[in-house]
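Novice: With our numbering as the guide, the letters of the sequence shown map in order to residues 7 to 963. The beta carbon of each residue, even a glycine, is placed where N, CA and C say it ideally should be.
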Amino acid sequence: MALGLRSRSNKRSLSSNSYASTVTIMVFISVCVLAVWMLNYSNSGVPQTSTSARTATTASADDAQAQVIKKNTNSDDDKNNNINETPKAFEDNPGDLPDDAIKSDDQLNNSTKGSGSSTSSSDQDQSSTGDGGGGGGDNKQDTSEVLKDQKEKEISQTQLAEDQSGSVVEHNQQQADHNEQGTQKDSDDQSDHKKQKGADDQSEKNGDQFITSDDQTNNSQSNSQEHQDTNNNDKNNNSERDKKSDNADQQQNAASSEQQQRQEQEFLSNGKQGNSSQESQNDQQQQQQQQNWEYNASKSGQLQYSDETSNAVASLQVQSKESTDQNFSQTPSDQNKKNPEKTQQHSDSDQKKKDGGSGGGGNATNQGKGPATESNSGDSLLSGDNTVRKESKESKKSWSTQAAQSENEKERRKDESDSQDGIYGYTWQLCNVTAGPDYIPCLDNEKALKKLRSTKHFEHRERHCLPEGPTCLVPLPEGYKKSIAWPKSRDKIWYHNVPHTLLAEVKGHQNWVKVSGEFLTFPGGGTQFIHGALVYIDFLQNAVPNIAWGKHTRVILDVGCGVASFGGYLFDRDVLTMSFAPKDEHEAQVQFALERGIPAISAVMGSQRLPFPSRVFDVVHCARCRVPWHREGGMLLLELNRVLRPGGYFVWSATPVYRKEQEDIEIWKEMSALTASMCWEVVAIKKDKVNSVGAAIYRKPTSNQCYDQRKQKQPPMCKNDDDPNAAWYVPLQACMHRAPTDKLERGTKWPEKWPSRLQTPPYWLNSSQMGIYGKPAPQDFSTDYEHWKRVISNTYMKSLGINWSNVRNCMDMRAVYGGFAAALKDLKVWVMNVVNIDSPDTLPIIYERGLFGIYHDWCESFSTYPRSYDLLHADHLFSKLKKRCKLAPVLAEVDRIVRPGGKFIVRDESSTIGEVENLLKSLHWEVSLTVSKNQEGMLSAQKGNWRPTTYADRESS
7 MALGLRSRSN KRSLSSNSYA STVTIMVFIS VCVLAVWMLN YSNSGVPQTS TSARTATTAS
67 ADDAQAQVIK KNTNSDDDKN NNINETPKAF EDNPGDLPDD AIKSDDQLNN STKGSGSSTS
127 SSDQDQSSTG DGGGGGGDNK QDTSEVLKDQ KEKEISQTQL AEDQSGSVVE HNQQQADHNE
187 QGTQKDSDDQ SDHKKQKGAD DQSEKNGDQF ITSDDQTNNS QSNSQEHQDT NNNDKNNNSE
247 RDKKSDNADQ QQNAASSEQQ QRQEQEFLSN GKQGNSSQES QNDQQQQQQQ QNWEYNASKS
307 GQLQYSDETS NAVASLQVQS KESTDQNFSQ TPSDQNKKNP EKTQQHSDSD QKKKDGGSGG
367 GGNATNQGKG PATESNSGDS LLSGDNTVRK ESKESKKSWS TQAAQSENEK ERRKDESDSQ
427 DGIYGYTWQL CNVTAGPDYI PCLDNEKALK KLRSTKHFEH RERHCLPEGP TCLVPLPEGY
487 KKSIAWPKSR DKIWYHNVPH TLLAEVKGHQ NWVKVSGEFL TFPGGGTQFI HGALVYIDFL
547 QNAVPNIAWG KHTRVILDVG CGVASFGGYL FDRDVLTMSF APKDEHEAQV QFALERGIPA
607 ISAVMGSQRL PFPSRVFDVV HCARCRVPWH REGGMLLLEL NRVLRPGGYF VWSATPVYRK
667 EQEDIEIWKE MSALTASMCW EVVAIKKDKV NSVGAAIYRK PTSNQCYDQR KQKQPPMCKN
727 DDDPNAAWYV PLQACMHRAP TDKLERGTKW PEKWPSRLQT PPYWLNSSQM GIYGKPAPQD
787 FSTDYEHWKR VISNTYMKSL GINWSNVRNC MDMRAVYGGF AAALKDLKVW VMNVVNIDSP
847 DTLPIIYERG LFGIYHDWCE SFSTYPRSYD LLHADHLFSK LKKRCKLAPV LAEVDRIVRP
907 GGKFIVRDES STIGEVENLL KSLHWEVSLT VSKNQEGMLS AQKGNWRPTT YADRESS
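1. Where does S742 fall in DSSP's three states?
2. Does the beta-carbon distance from D444 to Y871 come in below 8 Å?
3. Buried or exposed: which applies to R960, given that a residue is buried once 16 or more other Cβ atoms fall within 10 Å of its Cβ?
4. Rounded to a whole number of angstroms, what is the C-alpha to C-alpha distance between I446 and Q711?
5. For Q647 versus M611, is the C-beta spacing smaller than 8 Å?
6. Considering only the alpha carbon of each residue, which of D748, T440, G532 lies closest to W518?
7. According to DSSP, is S709 part of a helix, a strand, or is it coil?
8. Using a Cβ-Cβ cutoff of less than 6 Å, which residues in the same chain neighbour S412 once the five nearest sequence positions on both sides are dropped?
9. According to the Cβ coordinates, are V550 and Y704 closer than 8 Å?
10. What residue range does the beta strand (DSSP E) around V480 cover?
11. Just curious, the beta strand (DSSP E) that D786 is in, first and last residue?
12. Given a threshold of 16 other Cβ atoms within 10 Å of its Cβ, counted over all protein chains shown, does E468 qualify as buried or as exposed?
13. May I have the straight-line CA-CA distance separating E915 from L929, to the nearest angstrom?
14. Please name the residue or residues paired with Q516 in a DSSP beta bridge.
15. Ignore the nearest five residues each way along the sequence and tell me which others in Q948's own chain have a CB closer than 6 Å to its CB.
16. So the candidates are L750, Y791, I691; which of them puts its Cα closest to the Cα of R855?
17. May I ask you to report which of helix, strand or coil DSSP gives L644?
18. Quick check: N498 and L479, are their CB atoms within less than 8 Å of each other?
19. At which residues does the beta strand (DSSP E) containing I499 begin and terminate?
20. Go through its chain and collect everything with a Cβ distance to L642's Cβ below 8 Å, but skip five positions before and after it.
21. Please work out which residues of its chain come closer than 8 Å, Cβ to Cβ, to H502, disregarding the five sequence neighbours upstream and downstream, and give them in chain order.
22. Below 8 Å, how does it come out for the segment 822 to 834 and the segment 791 to 803: are there three or more Cβ pairs, yes or no?
23. Just verifying my parser: in three-state terms, what is the DSSP assignment at N697?
24. If you follow the beta strand (DSSP E) that F910 is in, where does it begin and where does it stop?
25. To which residues of the same chain is E758 closer than 7 Å at the C-beta, ignoring the five residues directly before and after it?
26. Since L2 is in the beta strand (DSSP E), which residue starts that stretch and which ends it?
27. Classify T956 as buried or exposed, calling it buried when 16 or more other Cβ atoms lie within 10 Å of its own Cβ.
28. Tell me which residues share the same chain as G530 and place their Cβ nearer than 6 Å to its Cβ, disregarding the 5 neighbours each side in the sequence.
29. If we count the other Cβ atoms within 10 Å of its Cβ and call it buried at 16 or more, is K589 buried or exposed?
30. Bridge partners for S608 per DSSP, in chain order?
31. Are there 16 or more other CB atoms within 10 angstroms of the CB of H515, so buried, or fewer, so exposed?
32. Which two residues bound the contiguous beta strand (DSSP E) that contains N726?
33. Within a Cβ cutoff of 8 Å, which residues of the same chain sit near F623, ignoring the five residues on either side of it in sequence?
34. Can you tell me whether DSSP reads D194 as helix, strand or coil?
35. Out of K834, V813, G859, C741, which one is the CA nearest neighbour of P906?
36. Am I right that N697 and F535 are in contact with their C-beta atoms under 8 Å? What's the rounded C-beta distance?
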């Protein structure tokens, strides 16, 4: 009903505006009649005009302008009056219109010729209300003034109507065309409420923002009141126009301009713009709306993009500032209020995928922004290889995984769903743990340690991980500074970076470490080489010339490494050392090593196998490592036998070798018997006169002849189905594996000398075996090496802004053949290659080429101290990993092990790059580069010094 009244008002406006001359004559006659009537009945009061008469009265010439103003003046009142009711139709949708309301311009002009009497009647009613509808009426002077005012008013209306007629008819024709669409939709709405809601959604997509009503009675009442208020406004506007008739044209033009601008703004903001007609106020409201939207988006943790809005803005040709800064037709809160069931669409151009369960950090203000996709940059930065490198599905049949090999692996984690559970709303907090800045989650799990039934086999030094990695952050030590660069770091580090002095007090006399002002200094000594590691290294070379540091011997394992000075000085001999020691009373010894720029991990010879393949180390070294090799059938020494390459050397530098105390003598006897039963050959027993120590050097056999000739089969040989490469949470066994006999089997030959072994495919890679990327394995190996040489030289060295002179400790979080590490050979860096337990087991290849690495599952924390690495590299890790566990704990682990100022390079699917970027921004990392090409992306980021100010619950740390 309200829509019908609206259309009839428009019709009267069109009719009255067409024939001004007829209006003037009829009004003049009416005025004369009124004057005579008032003179005859001057002693009686003028009757009050009824509400219905006022409702029917409209200023014809002003009606078009009033329509423009009415749209905004009544919107707020309608909103307040109908809070609990179904909202009424927008003013630009007249609803069910009569047939003549949608005629063409010519038809409208013809139809208005016969409407003079109607106009005259309307004007007569209007003149009867000229005195306000009340008071006396016997004053003749007042009457003549009224007649004069009415005459002047009609003349001005006539002139204004002629000027406005063209624009009004054009405007109403456009409105009629617009209403025709609304009429079709509204006819369906009256039949069914659900259909009405569907029409609402369709209308919203087309820009026809209709809000239809279910309650016809309420609409009729509210529209009647609305029409009455409009007439009152019309009367005020008429009075104003009497004083400003000369500016009528300017007012009409301004009204038209304001109407068009207001329609555009209403479309962009769902009719929630203010009633102000000034452009500056509209801009302020849009800016405030944008700020509110950004605030709501930051709270929800993600921004949702709309393609519909981009098209609408383009069609309306809105200012460039609005189309750039405000890419939305509605704020998230507005859309929820209008239609909470409607799902917002993600922008295709972003190539991002929402993942509410894999990120965190409500602290980031830029967290909702997707990666900056730059096609030109992507072409250059991702052009290291012309093809997208993906693993071949068929190759998986040819390669076993560490998880499959470790059938006896202890279940450490529960299954987790890949649900989207709002991680973006997570607020990062500091870990509330006893270890503080030195927290290693899998080694400092106090709950698990309290439940241990025994610590006989150093179970309390082994890994005990939480079912899900922690999502708290490790605090920085007070006074932390940027690490000293290599090679100076080998000799001294900042005290406040590793503020521990106990080791200096206990081992200072052995030249392990000393406190010197604000530095901790390392004279290069150790328990067995007080006068320096280089003297000791040369002593071993002289004892067994075939060791040939840096040629024959390239990769070694140092057990119980202390502060790793032995491995640190072996860099001078072109030898790579995997050093490890437990996190025990010798506080932070491995942390000292990493801060110095020397590779090391926290591990222990306990009840489980070391996380390395079999037959990979050229030399295993133990200098007073305090490991009881001879106990329990030599189980710990047999583990070293597993990882030692056939023909490799075991260097044992300990007191039983050169001292004659009773305990030492007994240990020596037991060790001699054990090594003999293991068929180890005693190559040399020498004494270092400079350091006053001795060393026994053993060699592992290369054949099974000795094993078969033993009279006593102790220790026993392992069963044939026992996999020597299974190393992930596999319990130790007191047995030995037979030496390989097939000439094409790994371990039957010694690798080529360094550095030729780096780029030569291992002899045991079979051409009939398919490689990881789909080519024959040897060719796949060589192609991978060439690929990473191009990527590093063309992109990583030139385009990422990395100062490689400040990079020392690196990690490849998903190494395949070790190509990334091999391509960095000429830099003064070392790379920890990590092969994931669910990936093809290529770690033996990495060792074969003279590099080193470790098995690991990134759903758990890594066995290293916080702030250990300068650079982490992840190639297609996270897209695979998020299928098994959440990304938030993994990125928290990345934050834990990277130093402040450290770099992070990620190559992955574009959607995954977006998730990682959001998480890094929530951690306040600086994301310096994101590029994308062909659904593949790359990200480069740098860690800052930001830390949260609150601590997590102790239970969640």
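Specialist: Reading from the atomic positions:
1. Rather than Ser, the amino acid found at residue 742 in this sequence is Met. Note: M742 maps to strand in three-state DSSP.
2. yes
3. exposed
4. 45 Å
5. The question names Gln, yet the displayed sequence has Asn at residue 647. Result no, Cβ atoms of N647 and M611 do not sit closer than 8 Å.
6. G532
7. coil
8. A732, W734, V736
9. no
10. From DSSP, V480 is part of no beta strand (DSSP E); its letter is neither H nor E.
11. Careful: D786 lies outside any beta strand (DSSP E), inside the alpha helix (DSSP H) at 783 to 797.
12. buried
13. 21 Å
14. Note: Q516 sits in no beta bridge, so no partner.
15. K909, E932
16. Y791
17. helix
18. Note that residue 498 is Lys in the sequence shown here, rather than Asn. Not a contact, by the Cβ cut-off of 8 Å.
19. 498 to 500
20. M611, V633, P634, W635, L738
21. P483, E484, G485, Y486, K487, E524
22. yes
23. coil
24. 904 to 915
25. T766
26. The structure shown does not extend to residue 2, since the chain is modelled only from 7 through 963, so no value can be given for it.
27. exposed
28. G538, A539, S571
29. buried
30. A587
31. exposed
32. That residue, N726, is in no beta strand (DSSP E); it is neither H nor E in DSSP.
33. V561, I562, L563, M584, V649, L650, R651, G654, Y853
34. Any reading at D194 needs caution, since the residue's pLDDT is 47, under 50, leaving its predicted position unreliable; the model's value is listed next. The answer is helix: DSSP assigns D194 an H, G or I state.
35. V813
36. 5 Å
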